[in-house]
Amino acid sequence: MRWIKRYIILISFLFISCEIVEPDFNNSLDLDYNNAKGIDTPAFVFSPDEVTVNSGSNVTLNVNALEVTKVAGGHLQIKYDQSKLSVNSVYQGDWLIDAGQNPVFFYENDPLMGIVNIYYSILGNSEELSGTGAVAFIVFNIFAPGQISVDLTSTTKIVDKENQEIQLNGLGKALINAQ
17 MRWIKRYIIL ISFLFISCEI VEPDFNNSLD LDYNNAKGID TPAFVFSPDE
67 VTVNSGSNVT LNVNALEVTK VAGGHLQIKY DQSKLSVNSV YQGDWLIDAG
117 QNPVFFYEND PLMGIVNIYY SILGNSEELS GTGAVAFIVF NIFAPGQISV
167 DLTSTTKIVD KENQEIQLNG LGKALINAQ
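Under the numbering used here, the residues of the sequence shown are numbered 17 to 195, in order.
Right, dumping it as structure tokens:
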């Protein structure tokens, strides 16, 4: 009888002490999450699409292709607030490399205008790439507090191997909350 009381107390303690975690479904690569924001595929989005950091620190944003098909090359244009951010570096995303492709990748940063232009072209056997993945990693220096928007502009384009433009149905934006 004594063991039953202990068992009941133990079980009661476990139920009382357990906290039900509310899941966070705000994954910027999730199709439903993007559809709710008005972004349909094929698209380019940032990951993370919202981040909180301290002023004076760095933050890395991934620029991701989202459900693209038969892409042979592209031009991504990213607009940022040059009064609060500066570009530290831009790296080629692993999606281009992991797919076994041999891409040409380069970028131009215009710090006076707050614009980064990224260019890439798929070379190799298939000359095209489909799916979802990181095309580029951009490291920003944050030097002023506030809400800072980083946007993919409408100049962003992708083409197939015949150099025909592929329609994009969404261009994401990222929000940096600098404290």
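In this text, a Cβ means the ideal position worked out from N, Cα and C, and glycines have one as well.
Close Cβ partners of I158 (< 8 Å) along its chain, the five nearest in sequence each way excluded: V69, N70, S71, G72, S73, N74, V75, K100, L101, I164, I192 and A194
Backbone secondary structure at A160 - three-state DSSP: coil
Which of helix, strand or coil DSSP assigns to P55: The sequence shown places Ile at residue 55, not Pro. DSSP places I55 in coil when its eight states are reduced to three.
Contact belief for V84 with P58 at Cβ below 8 Å, rounded distance in angstroms: 4 Å
C-beta atoms of A81 and T148 nearer than 9 Å: yes
Rounded C-alpha distance that separates N185 from D176: 16 Å
Contact set for F62: own chain, Cβ-Cβ below 8 Å, skip 5 residues either direction: S44, L77, N78, V79, N80, V166, L168, G188, K189 and A190
Cβ pair I55, G90 closer than 9 Å: no
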